[in-house]
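Following: one structure in structure tokens, then a few remarks.
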DNA sequence: CCTATACTTCGCCAAATATCGAAATGATAC
DNA sequence: GTATCATTTCGATATTTGGCGAAGTATAGG
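Residue numbers (the numbering used here), protein chains in the order written: chain A, 3 to 123; chain B, 3 to 123.
Given below as structure tokens:
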């Protein structure tokens, strides 16, 4: 029950759902997710930590960058089921389509440039 | 997206998950759910209203009683998927098993007696 | 080392939420 | 009608949550 509650609570936020859905397409470093959501680094970091705690995402460190990705196929059925449900439910939505478009742009820029631009603001 | 958020937020509470899972077995009137959760009538009523708003449960009125049940097979895929995930994820859990046992006892008593007993406290 | 940098943690505030008891609602039964 | 009863709505309160900026951590590169 604890795990289930952790997972649904992790999903129970629009920004976390958007981030999670974005990770379906590609792994992303934090600054890319920051760019997508338009929130402060600390807030996005916190969101990702909640998703990680619930085992919905994993991360790998590459130098100064931390790349997040959705949990893999080997994840617990609880998690696997949640991710599949989110994908099926969000796919085709209007806001989702907009995020996908923006994400494609974000992926064109390399993370370094992205972070630099963010620091200016 | 709005619908998805409504559904996950509705699921993001342990007591609502317990109520929802209990409804998998049988339709229940409010006082039976009150008995199961051990919360005040107003609180449980509010929980059920949130689940209804998200279309996860439906209700029918029978005299003074209102019976709640899980959304049927004709429900939107979004809802159907969520209910199936909850069932699969909670089935076999320890707290869940306890609830099932208690629920069986609750179903032995008729609702009228149950309500009367609750009014005493 | 020292600086810059990508990210995290902490302290704070505002908004949302869970809970209760009291009052309101709507239906039954006398 | 009046009383009773199952449920809902309202008002108040306590807790949780989402958000930010400032300070902290860890790593790359001079």
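Glycine included, every Cβ here is placed at the ideal spot set by N, Cα and C.
Span separating the alpha-carbon of residue i from that of residue j
| i | j | result |
| --- | --- | --- |
| residue 88 of chain B | residue 101 of chain B | 15 Å |
| residue 70 of chain B | residue 109 of chain B | 14 Å |
| residue 23 of chain A | residue 93 of chain A | 9 Å |
| residue 63 of chain B | residue 104 of chain B | 24 Å |
| residue 4 of chain B | residue 19 of chain A | 11 Å |
| residue 16 of chain B | residue 49 of chain B | 11 Å |
| residue 12 of chain B | residue 72 of chain B | 13 Å |
| residue 45 of chain A | residue 52 of chain A | 11 Å |
| residue 76 of chain B | residue 25 of chain B | 17 Å |
| residue 107 of chain A | residue 86 of chain A | 25 Å |
| residue 28 of chain B | residue 30 of chain A | 44 Å |
| residue 2 of chain B | residue 74 of chain A | No answer is possible for residue 2 of chain B: it lies beyond the span of chain B, which begins at 3 and ends at 123. |
| residue 60 of chain B | residue 21 of chain A | 31 Å |
| residue 95 of chain B | residue 122 of chain A | 50 Å |
| residue 14 of chain A | residue 14 of chain B | 6 Å |
| residue 65 of chain B | residue 117 of chain B | 14 Å |
| residue 47 of chain B | residue 91 of chain A | 28 Å |
| residue 97 of chain B | residue 68 of chain B | 26 Å |
| residue 99 of chain B | residue 99 of chain A | 41 Å |
Chain B contact residues for residue i, given Cβ-Cβ distances below 7 Å
| i | result |
| --- | --- |
| residue 1 of chain A | The first residue shown for chain A is 3 and the last is 123, placing residue 1 of chain A beyond what the model contains. |
Interface residues of chain A facing residue i [CB-CB closer than 7 Å]
| i | result |
| --- | --- |
| residue 27 of chain B | Residues of chain A passing the Cβ test: none, with the nearest at roughly 17 Å. |
| residue 6 of chain B | 19, 91, 92 |
Listed by chain order, chain A residues near residue i by CB distance under 8 Å
| i | result |
| --- | --- |
| residue 97 of chain B | 3 |
Under 9 Å from the C-beta of residue i: neighbouring residues of chain A
| i | result |
| --- | --- |
| residue 80 of chain B | 87, 90, 91 |
Cross-strand partners of residue i (DSSP beta bridge)
| i | result |
| --- | --- |
| residue 61 of chain B | B:70 |
| residue 33 of chain A | Answer by DSSP bridge pairing: none, since residue 33 of chain A is not bridged. |
> Between the stretch 83-94 of chain B and chain A, which residues of the former have CB atoms less than 9 Å from a CB of the latter, in chain order?
Replying inline: 83, 84, 86, 87, 88, 90, 91, 92
>> Count Cβ pairs between the stretch 101-119 of chain A and the stretch 34-48 of chain A that sit closer than 8 Å; are there 3 or more?
In response: yes
> Can at least three beta-carbon pairs, one atom from the stretch 40-49 of chain A and one from the stretch 81-96 of chain A, be found at a separation below 8 Å?
Replying inline: no
>> Give me the subset of the stretch 33-46 of chain B whose CB atoms are less than 9 Å from a CB atom of chain A, sorted by chain position.
In response: none
> Are three or more beta carbon pairs between the stretch 3-13 of chain A and the stretch 53-69 of chain A nearer than 8 Å?
Replying inline: With the cut-off at 8 Å, the stretch 3-13 of chain A and the stretch 53-69 of chain A touch.
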